[in-house]
Amino acid sequence: MKNLKSFINTFILINVISRNVYAKPNIVIIMADDLGFNDVSFHGSSEIPTPNIDALAYNGVILNRFYTPPLCTPSRSSFMTGKYPSKIGMHEFVIPSDEPWGLPLEEKIMPEYFKEAGYKTALIGKWHLGFYKKAYTPTMRGFDSFFGYLGPYIGYYDYTLKMHDRNYSRGYDMRRNLKVNHIKQPKRYATDLFTDEAVNLISKHDTKDPLFLVLSHLAPHAGNEFPDNPLEAPVEEIKKFDYIKDPKRRTLAAMISVMDQGIGRVVTALNDKGIMNETIILFYSDNGGPTEGQHSTAASNHPLRGQKGTAYEGGCRVVACIYSPLIKRPQRVSNDFMYVTDLLKLFTTAASIETDDESLDSVNQWETISEGLKSPRQEILYNIENAVGYSAIMYDGWKLINGSENMNTNTWIGVSGFENVNVSFRSYIKKVFESEAAKSLPKLSAVTIKEMRAAATVTCENSEHSRDVKSTTGLKLFEIINDPCEQHDLVNAYDEKVSFLVALLENHIQNVVPSKRKLMDPNCDPAHFNYTWTWWQEVDESTSNHSYKDTLISIAIAISALFVIFLLIQGTRTKKAFQK
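621 is the number that the working numbering gives the last residue of the sequence shown; the numbers go up by one with no jumps.
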């Protein structure tokens, strides 16, 4: 009996140990859309408080030199594949809803790795990697479930997209898996809708399988342009920011605040489910914020130079932080270089999933994050944009920009985030301590917050002291470790550095594949499909609503068929009469 009891205890102990060693962590990736570098409060400004995001950041690791391509589709392509967008034809511009192209089907993407490893995979929110054919949509590419929209953006309350530079009808864009999902009135604010879905999915998740969840927010991307109001938020939320003078930025603050509150709810859901200890949570933005121009939101990338769409730091150096009880050295700021492609190997390594594709541009950053080891990444290819005519690369802190994309946004634009704020540090600390996320996380000290916030705040000399030099080659050179705001162009001072980086860039240019981008196809018009955006090169009868022209063609075919039948009958009668 004693031996039996000992055997049972040993068996239980081995089972517990094996579960701890071999259990695969849950992966939760929360992606903001067009969030400015300075539009979270852990980067130093309290103008837009983000206490839930900050609580995650201070309990985990702030990834203070995290980079992405400067536009949405290239960035999301790199995230999904672990490859530079120029190597897979996804480097030029974004995918408007009327263009028939997408992330190449031959590319294996992140959810497929996790699904093969036994994970339940889910995408909530934005896709924007092509949908002109059904094969390009999320549930056909490794996601077990999808709830969200296929295109670049939607209205926050009506879930439609209207291309105001095209003569198409307004189209509804909200789906559950492959089916159009019509939300009952009154319409739920999109950010809350996606948070609700994430919380519900977590609460119902069967914990016998690990979870891979991508919560890809619409916020704070602009919605439909004029005559619609592109920036939308609940009125009561906007009122909280009456101290912000610019009405556009005031609404942006409300949009970010709602997203932040939703992230707190997601953290609570993970804790209530009892899976927080086996979960890794990453929060980051797909690219920098758009201060001016198309789909602008009055975002602040201060003090960085440039904005979304540029190769300067304001377009490519993004907000990012990661939290997990599995991180061995938490509560610190990492200034190691990381690129969005690295997320593939970061998460597959953490989950003990093999990635044997030698063409990947992903390096394993898990030990860098968890243990504080030096990052293996020395090089960052920001992007190669042939259509616009620019490219940029960094090696060991030296950054080369070749060409220029937009002179109006290549400079230092937008607010600092300190003009409208009169919030004491004590008040800020209180917000973080009382946030919903903080209630499910380890207790923080005010000293830790103060030290980490200071370490994560980028400071530069006044931009009026900047020095851009005239170059006959169209090149610019910056030493971004000591000059993060790209104020001092050193292109004429370091010939060897320039030559080395030009050669490095040329090597990447040799590997550029032709862009997958195709011209617009008017057959996409939502008017043909019950005023819904859908795949249009494979007609789905459940959503199709043929146009007037299609109807006329159908009638003509039917009449022609009847006429042929009539002629056959008449011919038969004539033949019989002749035989008589």
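Note that beta-carbon positions come from the ideal geometry of N, C-alpha and C, so glycine has one too.
Ends of the alpha helix (DSSP H) at V374?
That residue, V374, is in no alpha helix (DSSP H); its beta strand (DSSP E) goes 373-375.
Same chain, Cβ closer than 7 Å to G212, five either side skipped, listed in chain order:
T201, L202, P567, Y572, T573, W574
Restricting to Cα atoms, I'd like to know which of V308, E278, I285 is closest to A295.
E278
Tell me whether A263, by its Cβ, gets closer than 7 Å to a heavy atom of the ligand FAD.
Here there are no bound small molecules, and the ligand FAD is not part of this structure.
Tell me C362's beta-bridge partners as DSSP assigns them.
I103, F324
What's the C-alpha gap between G123 and V553?
15 Å
For R467, does the count of other Cβ atoms within 10 angstroms reach 16, so buried, or fall short, so exposed?
exposed
I'd like to know if the segment 408-421 and the segment 302-312 are in contact, where contact means that at least 3 CB-CB pairs between them fall below 8 Å.
no
Which value, in whole angstroms, describes the spacing of the CA atoms of S82 and E579?
46 Å
Can you give me the Cβ contacts of F282 inside the same chain, cut-off strictly under 7 Å, excluding the 5 residues immediately before and after it?
R291, A294, A295
Going by Cα to Cα distance, which pick from P141, Y190, D206 is closest to D199?
Y190
Comparing C-alpha positions only, which one of I68, G85, I224, N93 sits nearest to V473?
N93
Counting Cβ pairs, one atom from each stretch, are 3 or more of them under 8 Å apart for the segment 396-406 and the segment 324-340?
no
Limits of the alpha helix (DSSP H) - the one that I434 falls within:
From DSSP, I434 is part of no alpha helix (DSSP H) but of the beta strand (DSSP E) over 431-436.
Going by the CB atoms, is the gap between V539 and L518 shorter than 8 Å?
yes
Between which two residues does the beta strand (DSSP E) holding K440 run?
439-444
Scan the segment 504-581 and note each continuous alpha helix (DSSP H) run of 4 residues or more that stays entirely inside, going in chain order.
536-551
Assess contact between the segment 127-135 and the segment 221-228, defined as three or more Cβ pairs (one per stretch) separated by less than 8 Å. Is contact present?
no
Boundaries of the alpha helix (DSSP H) in which E153 is found, first to last residue
151-157
Contact under 8 Å by Cβ, P288 with V102:
no
Suppose contacts are defined by Cβ-Cβ distances below 8 Å. Is I165 in contact with E238 by that definition?
yes
If distances are taken between C-alpha atoms only, which option among W453, D247, M561 comes closest to F78?
W453
Runs of 4 residues minimum, wholly inside the segment 261-303: which ones carry the alpha helix (DSSP H) assignment?
276-280
Any idea if P563 is buried or exposed, counting beta-carbon neighbours within 10 angstroms, 16 or more meaning buried?
exposed
C-beta contact flag for Y194 and L259 at 8 Å:
yes
Which residue marks the beginning of the beta strand (DSSP E) containing T162, and which one marks its end?
161-167
Going by Cα to Cα distance, which pick from S244, M215, S119 is closest to I316?
S244
Can you give the beta carbon distance from S261 to D75, rounded, assuming they're within the 8 Å contact cut?
Checking the displayed sequence, the identity of residue 261 turns out to be Pro instead of Ser. Indeed they touch by this definition, with Cβ atoms about 6 Å apart.
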